[in-house]
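A short worksheet on the structure shown next.
Residue numbers (my numbering): 1 to 203.
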């Protein structure tokens with residue numbers, strides 16, 4: 001009885017190469033090469049092995065890159081979902097500047113600071129200061145004395161700049177968008193900010 005040879009069915013996108021050979025296939029090629037090689041001009045099979053290792057390394061790094069891309073997409077989807085969860089809610093986001101536009105600003109501190117001096121400066125060289133007791137946590141910052149424009153804030157104590165105090169703005173999220181591969185929150189008064197600046201959510 002004639003034994004029917006098993007047929008191997010390959011997918012349409014299959015490309016044969018050293019990098020996707022099975023160990024059995026490689027061993028067959030290796031043995032056949034030894035069998036038919038010219039004994040007076042022996043081939044250096046170490047180069048073939050070296051090429052196989054290099055190709056497998058390339059394949060490995062491509063697989064890693066694809067895995068990282070998939071993780072990046074998954075992280076982006078999760079971040080977008082987190083952004084959608086704060087839609088139409090009041091949030092605290094970190095801010096670099098104060099723009100007097102009706103938004104409420106706060107100083108968040110990691111400790112109590114009695115008699116701190118809060119210094120406001122703008123691009124025109126104007127300087128305004130107020131004195132306030134800052135408590136650990138979130139403190140309302142008065143911006144009534146500030147005119148239009150963009151203001152920087154420094155917190156001083158004993159003439160030295162205080163570390164561990166950050167500026168926050170409280171606003172409501174109008175919409176959530178994906179811009180340039182980054183999730184952005186559109187605020188009613190504060191424009192667009194990346195979701196990475198989100199510090200706290202009300203309610």
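Heads up, the beta-carbon is just placed ideally off N, CA and C, and yes, glycines get one too.
All values derive from a computational prediction rather than experimental measurement.
Kindly indicate the opening and closing residues of the beta strand (DSSP E) around residue 194. Annotation for residue 194: the continuous beta strand (DSSP E) segment containing it runs 191 to 194.
Host beta strand (DSSP E) of residue 198 (start-end): Its beta strand (DSSP E) spans residues 198 to 201.
How long is the line joining the alpha carbons of residue 142 and residue 177, rounded to whole angstroms? One C-alpha to the other measures close to 31 Å.
Which same chain residues, not among the five before or five after residue 135, have their C-beta less than 6 Å away from its C-beta? Within the same chain, residue 135 has close Cβ partners 112.
For a test of the three-state rule: what should DSSP assign to residue 67, helix, strand or coil? Reduced to three states, the DSSP call for residue 67 is helix.
With respect to the beta strand (DSSP E) encompassing residue 90, which residues constitute its N-terminal and C-terminal limits? For residue 90, the enclosing beta strand (DSSP E) begins and ends at 90 to 94.
Quick one: complete alpha helix (DSSP H) runs, 4+ long, within the region 113 to 198? Not a single unbroken stretch of the alpha helix (DSSP H) spanning 4 or more residues falls wholly within the region 113 to 198.
Where do the ends of the beta strand (DSSP E) carrying residue 109 lie? Residues 104 to 109.
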